[in-house]
Amino acid sequence: MRRRAILVVLGGFAVVTGLLIWGLSRVGIHQGYRPEQPIAFPHNVHAGDNKIPCLYCHSAARTSRHAGIPAASVCMNCHSMLEKQTVEIEKLREAIQLGRPIAWVTVHKLPDFVYFNHSQHVLSGVRCQQCHGAIEEMDRVGQVSPLTMGWCLNCHREHANLPTENFQRAVLSLSSSPKPVAGLDCASCHY
Amino acid sequence: MSRDAKTADAARSYHEGRREELVQIRRSRTDEYWKSPDELHGRTRSSGEFGGALPAPGDIPPAEATRRDFLALMGFTLGAASLAGCRAPVQHAIPLLESSDQIVPGVANYYATTCGGCPSACSLLVKQRDGRCIKIEGKDD
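Protein chains in written order, with this note's numbering: chain A, 1 to 191; chain B, 1001 to 1141.
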């Protein structure tokens, strides 16, 4: 009887310790983070049904390290002419009339010691869905990738090496779609 | 027996006698120990810790919850509630209201301007990013 009680206590202690270690290993990983936004913008309607290209709204991704969230005037490019009226569209119009920028909640956030440049990846031909998941099916954006260094390195290792042989290099330089060259040393991202 | 042995024997028997006397004194003194006048005159019921029978489970009334217990419970509840409410802080991304093709977040704009520190009016090159001037350099013409 007493020995069984000791075993139960030890088992409980082991379970709690296991949970603690697992939880601590996931600190800083926000996979599955799907916060409520001030305006419930559905990507599945805009990017999915209407097939608006990602870079139409997030145009800064072509030239800047930030992809950027579109200004309210980008929304009004279409919505000033559309008859569709919902509560959320009304919130957008109200924000513009009152002159208050919309405070969106950041979903994908990397720590400050990492330098991630969107334009490098977009211009190398990396599709948005490779890191951000199937955005065109989401009604509310959530983070689907862990965005850990190991996860980034999985792709970087695959695309790191430029060929050194002359023939391969000639093929690479003459090919119309440039192959991405991903840095694999520490200073590629931590500088 | 030798003279020394006789003395040793005598000493031993003397000491043994005295020891027996001591043992007898101790035995008799135990009977005469008393801790209260009642006990001295033989009026106590028993000599155990519980005078009489051991207490039955129904005899002791359950202890009421004290103020101390209430405060302890409140303290633990407060701690548990604050621990359960811990969340990472929400970060906001606030874009412009009116977009501009000149202003791209994260891309720097350079402005040629003049320094107003003294009448020399030296030319300056100002690097501005996200609405903030982050580098001012002199600009040689």
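C-beta atoms are modelled at their ideal positions from N, C-alpha and C, and glycine is treated no differently. Since this is a predicted model, take the numbers as computed values, not measurements.
For A/N50, there is no enclosing beta strand (DSSP E), as DSSP marks it with neither H nor E. Taking a Cβ-Cβ threshold of 7 Å, the residues of chain A close to B/P1105 are A60, S64, H66, G68, in chain order.
With fewer than 16 other Cβ atoms inside 10 Å of its own Cβ, B/Q1102 counts as exposed.
In summary, A/S64 is buried, with 16 or more beta-carbon neighbours lying within 10 Å of its beta-carbon over all protein chains present.
Under the DSSP definition of a beta bridge, B/Q1128 partners with B/N1109, B/C1133. Across the structure, B/V1126 and B/N1109 are spaced so that their CA atoms are roughly 8 Å apart. For the pair A/A61 and A/I21, the Cα-to-Cα distance works out to about 37 Å. Shown here for B/W1034: same chain residues with a beta carbon closer than 6 Å to its own, the five before and five after excluded, namely L1040 in chain order. Separation of A/H121 and B/T1077 (C-alpha to C-alpha, rounded to the nearest whole angstrom) is 49 Å.
Think of a sphere of 8 Å around the beta carbon of B/E1064: no beta carbon from chain A falls inside it, the nearest being about 30 Å out. Taken through DSSP and simplified to helix, strand or coil, A/V114 comes out as coil. At the C-beta level, A/M138 and A/H30 stay beyond 9 Å of one another. Per the Cβ contact rule, the segment 1115–1124 of chain B is not in contact with the segment 124–135 of chain A (fewer than 3 Cβ pairs under 8 Å).
One thing to note: A/E83 has its Cβ no nearer than 9 Å to the Cβ of A/A40.
In this structure, the straight-line span from the alpha carbon of A/F116 to that of A/V8 is close to 48 Å.
Within the segment 93–118 of chain A, the residues whose Cβ lies closer than 8 Å to some Cβ of chain B are A95, I96, G99, R100, P101, I102, A103, W104, V105, T106, K109, listed in chain order. Taking the beta carbon of B/Q1091 as reference, the chain A residues within 8 Å of it are V105, T106, K109, listed in sequence order.
With a beta-carbon spacing of about 6 Å, A/G142 and A/G32 fall inside the 8 Å limit used to define contacts.
A/L55 sits away from A/C75, with the two beta carbons spaced by 9 Å or more.
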